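Trainee: Residue numbers (our numbering): 87 to 673. All C-beta atoms, glycine included, are put in the ideal place defined by N, C-alpha and C. All values reported here derive from a predicted model rather than from experimental measurement.
#1: Return the CA-CA distance between residue 536 and residue 545, expressed in angstroms with no decimal places.
#2: DSSP has residue 568 in a bridge; who is on the other side?
#3: Counting only the same chain and skipping the five closest in sequence on each side, list residues whose C-beta sits under 8 Å from that of residue 414.
#4: Measuring CA to CA, which of 534, 453 and 610 is closest to residue 464?
#5: Which value, in whole angstroms, describes the spacing of the CA atoms of residue 468 and residue 540?
#6: Please identify the residue among 212, 429 and 308 whose C-alpha is closest to the C-alpha of residue 270.
#7: Provide the residue span of the beta strand (DSSP E) that contains residue 349, from first to last.
#8: Return yes when the Cβ of residue 411 is within less than 8 Å of the Cβ of residue 560, no when it is not.
#9: Would you report the Cα separation of residue 157 and residue 182, rounded to the nearest angstrom?
#10: Would you kindly work out how many angstroms separate the C-alpha atoms of residue 598 and residue 302, rounded to a whole number?
#11: Using a 10 Å radius around the Cβ and a threshold of 16 neighbouring Cβ atoms, would you call residue 274 buried or exposed?
#12: Let's test the definition: count the other Cβ atoms within 10 Å of the Cβ of residue 578 and tell me whether it reaches 16, buried, or not, exposed.
#13: Is the separation between the beta-carbon of residue 658 and that of residue 630 shorter than 8 Å?
#14: Select from 508, 168, 97 and 632 the residue whose C-alpha is nearest the C-alpha of residue 430.
#15: Would you list the residues sitting across from residue 150 in a DSSP beta bridge?
#16: At a cut of 8 Å, does the stretch 196 to 203 reach the stretch 278 to 285 through at least three beta carbon pairs?
#17: Just verifying my parser: in three-state terms, what is the DSSP assignment at residue 169?
#18: Leaving out five residues on either side along the sequence, give the residues of the same chain with a beta carbon under 7 Å from the beta carbon of residue 288.
#19: If you draw a straight line from the alpha carbon of residue 602 to that of residue 613, how long is it in whole angstroms?
#20: Could you check what DSSP says for residue 542 in three-state terms: helix, strand or coil?
#21: For the structure I just gave you, are there three or more beta carbon pairs, one from the stretch 496 to 516 and one from the stretch 477 to 488, closer than 8 Å?
#22: Name the two residues that bound the continuous beta strand (DSSP E) containing residue 616.
#23: Which partner residues of residue 639 appear in the DSSP bridge assignment?
#24: Should the stretch 556 to 571 be regarded as contacting the stretch 396 to 403, the criterion being three or more beta carbon pairs within less than 8 Å?
#25: Is it buried or exposed, residue 461, if we count other Cβ atoms within 10 angstroms and call 16 or more buried?
#26: Quick check on DSSP: helix, strand or coil for residue 307?
#27: Tell me, to the nearest whole angstrom, how far the beta carbon of residue 184 is from that of residue 349; I am working on the premise that it is less than 8 Å.
#28: Rounded to whole angstroms, what is the Cα-Cα separation between residue 304 and residue 418?
#29: For my contact list, residue 339 and residue 435 are in at a C-beta cut-off of 8 Å; report their separation, rounded to the angstrom.
#30: DSSP on residue 330, reduced to helix/strand/coil?
#31: Identify the residues that DSSP records as bridge partners of residue 285: which are they?
#32: Let me know the secondary structure DSSP gives residue 163 once reduced to three states.
#33: In this structure, does DSSP put residue 662 in helix, strand or coil?
#34: How is residue 236 classed by DSSP in three states: helix, strand or coil?
#35: Using 10 angstroms around the beta-carbon of residue 374, count the other beta-carbons present and answer buried if the total reaches 16, otherwise exposed.
#36: Just list the alpha helix (DSSP H) runs in the stretch 558 to 608, keeping only unbroken ones of 4 residues or longer that don't cross its boundaries, in chain order.
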């Protein structure tokens with residue numbers, strides 16, 4: 087244990103020394119510097135002087151390093167450090183402390199596939215209240231809520247009265263930050279409310295409040311939880327990424343703040359800067375998004391009250407050009423991370439498997455009875471459909487569950503999972519953000535394999551996994567979907583092997599028949615569309631509870647639509663797909 091003496095030569099207890107040191111360190115008290123002995127002590131009778139090098143890591147790329155003298159005094163055979171402010175810094179006087187001023191760097195933008203900024207600094211207005219200018223709190227809060235709900239529906243301010251009561255009389259109590267264009271829509275109403283105050287600023291924002299909201303994420307003031315997890319990285323008032331790409335790439339986007347350290351005396355006066363560093367702007371994060379396609383996806387989902395998602399990618403290169411989540415999804419990125427059964431969309435995988443192994447052809451007769459019992463479990467079709475003895479391509483177009491359940495033995499124990507893997511489903515790939523590539527049923531009982539053959543059972547997927555699979559069928563080979571390109575993801579998967587040509591050609595023809603004479607014939611008006619509907623049961627106790635799916639492609643764009651609790655695929659997902667196709671440029 088190091089023995090310490092005060093400047094008066096008296097012994098210092100550890101508690102007293104710690105308290106004194108904390109006071110001297112000021113804003114640096116939560117950091118731990120690296121200290122090395124630069125020069126061995128020079129003895130003179132009972133005293134000695136050493137020199138140490140102190141290095142503070144103020145930010146990832148900013149270090150403040152300096153030398154400081156250390157006095158020692160010998161008492162008997164023991165050398166003791168004489169603790170003084172100069173040990174902390176040579177310019178520090180007794181009663182002073184170190185003060186750190188950080189000025190945030192300009193946050194880096196998030197770019198689209200053309201290199202244009204999606205998220206960039208855009209004008210906002212901070213709407214606030216001044217407590218001593220408010221005649222009656224309840225009335226003012228009610229007026230504010232009514233006005234702001236015109237541009238931000240469902241926003242409430244239940245905690246505002248308490249915040250006002252706790253604030254200083256002349257404080258600016260922030261109520262909400264509005265995009266400037268939204269503020270201007272209700273400016274006269276807001277300014278007429280007693281006590282309102284306004285500050286103009288900028289924030290990193292997307293073009294609209296809904297544009298790829300869950301994917302891009304949000305920024306906000308650093309929380310105590312974030313500060314506790316990253317000691318010394320942030321200070322109160324810093325703006326950080328709180329969700330989505332903004333959070334995942336915060337270290338890239340945030341940049342390095344400008345730093346200034348001064349010694350503040352007991353009178354509150356600051357010294358000349360002891361250390362300064364310039365701010366370094368954050369770097370850009372580049373994505374593959376296409377603004378026009380993203381807008382088409384957002385518009386297609388805008389009227390959907392249920393949680394929903396739409397993912398679109400370019401078949402030619404695998405670039406994700408739209409990652410959209412419906413208004414009911416909040417910050418949850420269902421498009422990339424949902425884990426739900428695929429329903430009849432997985433008949434595409436089963437069909438590829440049996441066509442590929444040669445056990446059937448598109449023209450092989452595969453009976454479609456009203457019911458099929460496998461290992462004691464009864465499988466049925468939507469609306470009690472029974473097509474009779476029809477070829478496989480008709481079973482596919484009309485989406486016959488019993489026909490596809492009967493094909494399970496032709497795939498063997500792991501044939502479905504093996505085929506799905508050739509389409510990227512259930513394999514490892516890296517978009518540069520959280521993604522679920524799927525989990526495919528393998529093995530199990532005869533009944534489980536029969537259920538899995540038409541997308542039920544233990545199989546779960548995400549929209550992006552199915553969009554990638556559709557693109558593989560259209561392309562004839564699986565390529566990993568791409569989203570974040572700079573910085574490049576660490577574990578991009580290699581291209582898959584070419585799919586068996588006769589099988590994939592037949593499957594494309596079957597997917598076209600879904601549109602021309604099958605369950606998605608309402609999409610035939612939108613050009614040469616290929617696809618598959620899906621109705622996915624997710625509650626074993628209630629078969630009426632289903633998710634609605636549509637997967638398909640047109641031209642160079644493959645896409646997947648999910649509407650949670652949407653019922654039949656033709657009832658919810660197909661109309662969304664129609665609106666999306668209508669909003670795209672013609673191929």
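Mentor: Inspection of the coordinates gives the following:
#1: Straight through space, the alpha carbons of residue 545 and residue 536 are spaced by roughly 12 Å.
#2: The bridge partners DSSP lists for residue 568 are 405.
#3: 390, 391, 392, 393 and 394
#4: 534
#5: When the Cα atoms are used, residue 468 and residue 540 turn out to be separated by approximately 12 Å.
#6: The residue with the shortest Cα to Cα distance from residue 270 is 212.
#7: Where residue 349 is concerned, the enclosing beta strand (DSSP E) starts and stops at 344 to 350.
#8: no
#9: In a straight line, the C-alpha of residue 157 is about 19 Å away from that of residue 182.
#10: Each residue's Cα considered, the two are about 34 Å apart.
#11: exposed
#12: exposed
#13: Contact: no.
#14: Closest by alpha carbon: 632.
#15: 142
#16: As far as the Cβ criterion goes, the stretch 196 to 203 does not touch the stretch 278 to 285, which means the pair count is below three.
#17: Residue 169: coil per DSSP, three-state reduction.
#18: 207, 208, 209 and 210
#19: Rounded to the nearest whole angstrom, the CA to CA distance from residue 602 to residue 613 is 10 Å.
#20: coil
#21: no
#22: 615 to 623
#23: 616 and 644
#24: yes
#25: exposed
#26: Secondary structure of residue 307 (DSSP, three-state): strand.
#27: Sure, about 6 Å apart at Cβ, within 8 Å.
#28: Rounded to whole angstroms, residue 304 and residue 418 show a C-alpha spacing of 12 Å.
#29: Not quite, the Cβ-Cβ distance comes to about 38 Å (not below 8 Å), so this is no contact.
#30: Three-state DSSP puts residue 330 in a helix.
#31: 212
#32: coil
#33: helix
#34: coil
#35: buried
#36: 587 to 603
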